[in-house]
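Protein chains in written order, with this note's numbering: chain A, 2 to 305; chain B, 232 to 548. What follows is a set of notes on a single structure, which appears directly below.
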Amino acid sequence: MNYRSQKSLTYNPSLSRNIGNKALNIISAIFAIISVLPLILVISYVLIKGGSYINLDTLILEPEPPGDDLLSAGGIGPAIIGTFVMTLIASIISIPIGVGGGIYLAEYSKSGKFAKFIRFGSNVLAGIPSIIAGVFIYAIIVSTKILFGSMFSGIAGGFSLSILMLPTIIKTTDEALKLVPDNLRRAGFGVGASKFTMISNITLPAAFSSISTGILLALARASGETAPLIFTALFSRYYITSFEDIFYEMGSLSVLIYNFALEPYESQNQLAWAASFILVVVLLSLNILSRWINTLGAFSKNKV
Amino acid sequence: MDKATRSKFLLKTRPTSEKLVDIGFKNIVVAMASMVAVILFCIFAVVYYESTESISRYGLRFLFSSAWNPVTDEYGAFTAIYGTLFTSIASLLIAVPLGVGTAIFITENIIPKYIRDVIGIMVELLAAIPSVVLGLWAVFIMEPFIRPFFNIIYEIFGFIPFFSTQPLGGGMMPAILILVIMILPIITSISKDSLNQVPSKLRQAAYGIGASRWTTIFKVIIPAAISGITGGALLALGRAMGETMAVTMIIGNSNNFSWSIFAPSYTISSMLANQFGEADGSQVSSLMYAALILMILTLMVNVFAQWMVKKLSLKYQ
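What follows is the structure, encoded as structure tokens:
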């Protein structure tokens with residue numbers, strides 16, 4: 002073998018193709034760093050700046066009206082409860098409908114025309130801007146006072162959040178049930194189970210962990226949403242004390258952040274940072290929890 | 232078969248109650264699935280119905296007028312429509328190279344897998360941060376930090392209409408940057424999925440005939456995954472158009488039309504967020520008209536995106 006051909010078999014870093022490769026490797030690495038940078042910056046600012054304003058008073062007090070007291074702006078207690086209550090209302094509405102719709106798509110009509118239409122519809126619904134959900138609920142519930150004469154109310158806020166949760170839950174239920182092997186279904190029918198028994202005792206339990214992942218992700222998305230709430234639930238500085246309070250204005254963490262971030266007072270801004278801290282910590286834990294649950298599933302995508 | 236055995240088998244019919252439960256359950260889930268269609272239809276019907284007054288009064292003139300005056304009752308959404316389209320398309324142009332580059336970086340074996348997995352998870356967690364928190368961060372941290380750089384651009388290139396306003400707080404450019412952050416995770420994760428779906432045979436064939444890594448990526452892998460990547464970009468465009476809170480907090484909310492990217496502006500969704508709470512009379516109807524335009528825009532983009540994504544999954548399965 003002569004010298005030339007031997008040389009062409011070894012790696013030569015000065016070749017133009019190798020230089021080009023190196024350069025592009027570095028460029029793509031820089032792009033990846035730029036993409037990750039905002040997350041690191043946002044999270045560290047929220048955790049450090051927001052975390053420094055967290056104490057017992059901030060967590061339980063009611064927020065003061067802006068400008069009333071320049072030193073202390075009160076706390077975010079009612080907003081935490083409000084976010085929880087409205088997300089709960091949204092879940093009560095959207096989880097049964099979403100799981101039921103997903104069951105229909107996966108178990109009754111896998112590729113029928115109607116199922117295709119519903120799948121398409123839920124994708125379209127998922128793409129509708131969240132503020133449109135607020136506009137819609139404003140038009141049918143708030144401005145018509147259809148719910149016992151209440152206008153801006155926690156329950157209207159819950160309804161608008163449920164519109165945002167619905168498509169995610171339908172889609173994940175549908176996909177989770179489709180991953181359950183058909184053998185299990187045939188075995189169920191083979192021993193004489195009715196379709197309802199088969200679904201409730203075999204396929205739903207088998208897909209349970211993937212479905213809960215989807216529900217948790219939908220919950221996480223809904224509890225961080227602001228746009229649908231600013232003119233359905235509005236905002237309130239007070240704790241809810243009785244069941245009837247859900248028919249009145251209700252505060253939430255996200256609307257508190259929006260309102261108080263735009264106030265000129267330092268103490269209000271600090272409260273907004275504290276609320277972001279709580280919101281981000283809860284949402285990130287929900288996300289990580291849902292990832293963990295998904296890995297437990299018997300029929301998660303990685304295992305089938 | 233004697234009578235006793237036969238009656239034993241006859242007993243094995245399903246009890247009526249179980250049949251009723253079965254039929255009832257099916258009808259319930261059908262009704263639940265139909266809810267999606269009902270809600271979707273209702274949203275369109277309600278928004279259209281509420282905006283009929285404005286539609287009949289202004290017609291298409293609404294799209295090209297930037298008057299927005301509740302006192303004289305004159306409304307036009309040109310500034311908001313331009314703002315929506317400009318911010319979303321500009322943010323897409325920045326986010327697509329970044330997102331696709333990141334997706335390539337985490338699907339190629341340039342660095343060890345666990346680091347790539349961490350990067351992938353971090354980008355996806357970015358999607359979990361609520362937009363109002365990003366808005367808060369943009370208002371207090373990002374915008375003050377980046378304003379001096381904008382000022383330099385303004386001083387050097389101020390004669391170009393696009394940079395002709397002095398940056399003073401909220402404006403279109405900070406809104407574009409925050410939109411880039413918000414749509415990056417969508418583009419990255421969908422591009423990653425479509426790059427992963429490209430069969431490894433294609434890559435091996437390219438390596439086999441002596442193509443280098445990046446020749447393979449540009450000439451084989453990306454063309455094979457292009458419809459998925461385009462679909463992801465379109466979904467991100469739809470998201471950017473409808474994005475409300477972060478944009479409302481940083482765009483400056485002004486209905487005065489300006490070519491400058493440093494000037495305060497409006498998007499349809501920020502206009503809705505700002506004015507809907509205290510609007511009444513024909514202003515509500517005009518806002519609904521704007522909402523209808525936003526819905527039609529996002530609907531078109533989303534349907535097209537779904538069609539694109541479907542094209543890829545037909546190709547390689």
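We treat Cβ as the ideally placed atom computed from N, Cα and C, and that holds for glycine.
Using a Cβ cut-off of 7 Å, pull out every chain A residue sitting near residue i, in sequence order please.
i	result
R245 of chain B	S195
F445 of chain B	Phe is not the amino acid found at residue 445 of chain B; the sequence shown has Trp there. Ordered by position in chain A, the residues that pass the 7 Å Cβ test against W445 of chain B are G21, N22 and L25.
L503 of chain B	I132 and V136
G469 of chain B	G128
Just curious, the alpha helix (DSSP H) that residue i is in, first and last residue?
i	result
Q271 of chain A	E267 to L297
P79 of chain A	G78 to I104
D424 of chain B	M403 to Q428
F376 of chain B	E374 to F388
L433 of chain B	S431 to G439
G366 of chain B	S362 to W368
A358 of chain B	First-last for A358 of chain B: undefined, no H or E at that position.
V500 of chain B	Here residue 500 of chain B turns out to be Ser, not Val, going by the sequence shown. First-last of the alpha helix (DSSP H) with S500 of chain B: I499 to Q506.
A188 of chain A	D183 to G191
State the DSSP-derived secondary structure class of residue i, mapped to helix, strand or coil.
i	result
Y306 of chain B	strand
N300 of chain B	strand
P229 of chain A	coil
Q397 of chain B	coil
F535 of chain B	helix
S485 of chain B	coil
S301 of chain A	Reliability of the predicted coordinates at S301 of chain A is poor, the pLDDT of 49 falling under 50, and the value obtained from them is presented with this limitation in mind. S301 of chain A falls in the coil class under three-state DSSP.
W445 of chain B	helix
G135 of chain A	helix
D253 of chain B	helix
I55 of chain A	coil
L235 of chain A	coil
Y19 of chain A	Strictly speaking, residue 19 of chain A in this sequence is Asn, with Tyr absent from that position. DSSP places N19 of chain A in helix when its eight states are reduced to three.
F248 of chain A	helix
I66 of chain A	The question names Ile, but residue 66 of chain A is Pro in the sequence shown. Residue state, collapsed to three classes: coil.
Y259 of chain A	helix
R288 of chain B	helix
Q548 of chain B	With a pLDDT of only 48 at Q548 of chain B, under the threshold of 50, the placement of this residue in the model should not be trusted, and no figure is reported.
I156 of chain A	helix
R222 of chain A	helix
V451 of chain B	helix
I342 of chain B	coil
L113 of chain A	Checking the sequence shown, residue 113 of chain A turns out to be Gly, not Leu. Note: G113 of chain A maps to coil in three-state DSSP.
Y520 of chain B	helix
I527 of chain B	helix
K196 of chain A	helix
F149 of chain A	coil
P246 of chain B	coil
For residue i, which residues of its own chain have a beta-carbon under 8 Å away from its beta-carbon, when the five flanking residues on both sides are left out?
i	result
P229 of chain A	S131, I132, A134, G135, I138, G158, S161, L162, I164 and L165
V363 of chain B	M476, A477 and M480
N295 of chain A	S210, S211, T214 and S301
N533 of chain B	L465, L466 and G469
Quick one: list the residues of chain A neighbouring residue i, beta-carbon separation under 8 Å, in chain order.
i	result
T419 of chain B	S36
Mind listing the chain B neighbours of residue i? Cutoff is C-beta to C-beta under 7 Å, in chain order.
i	result
Y266 of chain A	Residues of chain B passing the Cβ test: none, with the nearest at roughly 13 Å.
Y46 of chain A	W368 and I372
Y249 of chain A	The contacting residues do not exist; Y249 of chain A stays about 16 Å from chain B at best.
Short of 6 Å in beta carbon distance, which residues of its chain neighbour residue i, apart from the five on each side in sequence? Order them along the chain.
i	result
D175 of chain A	G103, L106 and A107
G314 of chain B	S496, Y497 and T498
N303 of chain A	Any reading at N303 of chain A must be qualified, since the residue scores a pLDDT of 45, below 50, and its modelled position is unreliable; the value itself is stated next. Excluding positions up to five away in sequence, the list is empty.
V281 of chain A	V47
Y240 of chain A	P79
For residue i, which residues in chain A fall below 9 Å Cβ to Cβ?
i	result
V534 of chain B	F121, N124, V125 and G128
F507 of chain B	I132, G135, V136, Y139, I231 and F232
Beta-carbon within less than 7 Å of residue i's beta-carbon, same chain only, minus the 5 sequence neighbours each way: which residues are those?
i	result
V305 of chain A	Note on V305 of chain A: pLDDT 42, under 50, position unreliable in the model; the coordinate value appears next. Cβ neighbours of V305 of chain A beyond the five flanking positions: L180.
F309 of chain B	L294, F295, S296, S297 and F488
S216 of chain A	First, the amino acid is wrong: residue 216 of chain A is Ile here, not Ser. Only I96 and I170 meet the Cβ criterion.
So with CB distances below 8 Å, who are the chain B contacts of residue i?
i	result
G215 of chain A	Going along chain B, no residue has its Cβ under 8 Å from G215 of chain A, so there is no contact; the nearest lies around 14 Å.
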